[in-house]
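With my numbering, you'll find the sequence shown wraps up at 441, consecutive numbering, no jumps. Positions of the beta carbon are idealized from the N, C-alpha and C atoms, including for glycine. Fair warning: this is a prediction, and the values are worked out from it, not measured in the lab. Each remark here refers to the structure printed beneath this line.
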Amino acid sequence: MRFATAAIRAFQAPDPETGAVIPPIYQTSTFAQISPGEHKGFDYTRSANPNRFALEGVLAELEGGTHALCYTTGIGALSSLCFALFKPGDHLVVSDNVYGGTHRFLTHVLSTYNVDVEFVDMTEPSNVEAAIKPNTRLVYMESPTNPLLKILDIERLVAIARGAKTDKPIITCLDNTFASPWLQKPLKLGVDIVLQSTTKYIAGHSDVLGGALILKDESHYETLEFHQKTIGATPDPFACWLTLRGVKTLAVRMKLHCDNALAIARHLERHPAVETVIYPGLESHPQHALAKRQMKGGYGGVVSIRLKGDEATTCRFAQDLKLFTLAESLGGVESLINHPCRMTHKSVPEDERNSIGITGNLLRLSIGIEDVDDLIDDLEQALARL
Ligand SMILES: *Cc1c(COP(=O)(O)O)cnc(C)c1O
56 MRFATAAIRA FQAPDPETGA VIPPIYQTST FAQISPGEHK GFDYTRSANP
106 NRFALEGVLA ELEGGTHALC YTTGIGALSS LCFALFKPGD HLVVSDNVYG
156 GTHRFLTHVL STYNVDVEFV DMTEPSNVEA AIKPNTRLVY MESPTNPLLK
206 ILDIERLVAI ARGAKTDKPI ITCLDNTFAS PWLQKPLKLG VDIVLQSTTK
256 YIAGHSDVLG GALILKDESH YETLEFHQKT IGATPDPFAC WLTLRGVKTL
306 AVRMKLHCDN ALAIARHLER HPAVETVIYP GLESHPQHAL AKRQMKGGYG
356 GVVSIRLKGD EATTCRFAQD LKLFTLAESL GGVESLINHP CRMTHKSVPE
406 DERNSIGITG NLLRLSIGIE DVDDLIDDLE QALARL
């Protein structure tokens, strides 16, 4: 099945008992057993549930993996991955520009377990080569990055991790949340494990949280599946059902997100009150050629801008918008605006924020699928007040 068909049909056959076209929500914590230890594939919902089974099947299919594992949130997926992979004394190489919550987990939780967490600018692949040590266990990437939309050369970074001489083979993981599997297939580019915050584009309606790890190696699957049920950050049946409901329209939503975002990026690039527009689909983006090669069908729905003005002016602009809601998160059908310094990336220390470019005049726009002319009108009226 091709992408849009799989999103609607894979693992989603009508319920054999009743013919219900949409499989029911199996809102149960436990399952009747035939004899002690003998059951129909499900014993307790933390370990397995039909709604989670269906969602995991679809996500594996869409990312081109053999297995997917779902979690309560994207950060639940990240923490479960880290607890499964790391032993005290191990070393992690991670992109310096990652989601704020990822940065917070790695620096404030994982590092207290005596794991050496090293942030590097991965847009220069030789930095990764230089950072790898014999005890490096994981290379963790994000592309496009949040909120600066840097693009990493995934194949090149995977080749560096593969070629490194380390005690154990390095595992590579890429957070594919911003691209979604519709735009980018990291597993096909050689990455071992894809992380998704399904809260964003996959569920797509800002009404449910979730995370997933998608992979293609049987031994990684066994390790992670054991930790999934043992750590216990597994989603409830209704969250899985809602997420699967969102997945069905992923392809059509992503096309609109990308079209609207490109139109808005081009429009803002010409506006005199805007200092810079960061969007991988613009020719002015420093890694536009790489993005074009690595992503298929568009460049995503997030556009970041820097205004000509200070932090206070920038915050006022964000509040003057009427259609764009001032809120964290992204990837929903409705447009949102976020001030990274004061919101999503507040936990990143100020000097670190400044050094990577998360400045007071930076805004991150999550472009929804409303009529693009209404979105442009809204931006215009708020820009006119500056
Ligand atoms: C939101 C987000 C996460 C975390 O996901 P939650 O579901 O909020 O825990 C991780 N990575 C990226 C890129 C995100 O945008």
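Leaving aside the five residues that flank Leu305 on each side, the residues in its chain whose CB is nearer than 7 Å to its CB run, in chain order, Ala62, Ser235, Trp237, Tyr256, Ile257, Gly259. By the 16-neighbour rule on beta-carbons within 10 angstroms, Ser150 is buried. Between Val388 and Ile360, the gap from beta carbon to beta carbon reaches 8 Å or more.
Around the beta carbon of Phe281, fewer than 16 other beta carbons sit within 10 angstroms, so the residue counts as exposed.
Bounds of any beta strand (DSSP E) do not take in Cys370; it lies within the alpha helix (DSSP H) bounded by 366–375. When DSSP states are grouped into helix, strand and coil, Phe86 belongs to the coil group. Contact between the segment 287–303 and the segment 69–76 is absent, with fewer than three C-beta pairs closer than 8 Å.
Between the segment 113–121 and the segment 240–252, the count of Cβ pairs shorter than 8 Å is three or higher; the stretches touch. Straight-line spacing of the CA atoms in Thr380 and Val213 works out to 38 Å. For Ala267, the enclosing beta strand (DSSP E) starts and ends at 266–270. Less than 8 Å divides the Cβ of Gln88 from the Cβ of Asp98.
Counting along the chain, Arg159 sits inside the alpha helix (DSSP H) bounded by residues 155–163. Around the beta carbon of Met56, a 10 Å sphere encloses fewer than 16 other beta carbons of the protein chains shown; the residue is thus reported as exposed.
Runs of the beta strand (DSSP E) lying entirely within the segment 96–182 and spanning at least 3 residues, in chain order: 122–126, 146–150, 171–175. Residues Thr157, Phe160, Leu250 of the same chain have their beta carbon placed closer than 7 Å to that of Leu133, with the five preceding and five following residues left out of the count. Where Tyr276 is concerned, there is no enclosing beta strand (DSSP E), although the alpha helix (DSSP H) around it starts and stops at 273–286. Scanning Asn201, Trp296, Ala59, Lys351 for the CA closest to the CA of Asn106 turns up Trp296. For Leu193, the enclosing beta strand (DSSP E) starts and ends at 191–197.
Each residue's CA atom was taken as its position, placing Met350 and Pro180 some 19 Å apart. In its chain, beyond the 5 residues on either side, Val148, Ala186 have a beta carbon closer than 6 Å to the beta carbon of Glu173. Taking 8 Å as the cut-off, the Cβ atoms of Asp208 and Tyr154 do not count as close. Gln67: not part of any alpha helix (DSSP H); DSSP gives it neither H nor E. Excluding sequence positions up to five before and after Val302, its CB lies within less than 7 Å of the CB of Ala62, Val113, Ile257, all in the same chain and listed in chain order.
By a beta-carbon distance limit of 8 Å, Ile422 does not contact Val329. Their separation comes to about 15 Å. Rounded to the nearest whole angstrom, the C-alpha separation of Asp145 and Arg192 is 6 Å.
Secondary structure of Leu418 (DSSP, three-state): strand. Closest in C-alpha terms to Leu268, from the list Asp247, Phe233, Lys142, Ile286, comes Asp247.
Going by DSSP, Leu305 is part of the alpha helix (DSSP H) stretching over 305–324. Ile209: member of the alpha helix (DSSP H) spanning 209–218, first to last residue. Glu280 has its CB no nearer than 7 Å to any heavy atom of ligand 1.
With contacts defined by Cβ atoms closer than 8 Å, Cys125 and Gly218 do not form a contacting pair.
By the criterion of at least three beta-carbon pairs nearer than 8 Å, the segment 385–402 is in contact with the segment 195–208.
Distance from the CA of Phe86 to the CA of Glu407, rounded to the nearest whole angstrom, comes to 50 Å. Cβ-Cβ separation between Val183 and Met177: approximately 6 Å, consistent with a contact (criterion under 8 Å).
Judged by beta-carbon spacing, Tyr334 lies beyond the 8 Å limit of Ala318, meaning their Cβ atoms are not closer than that value.
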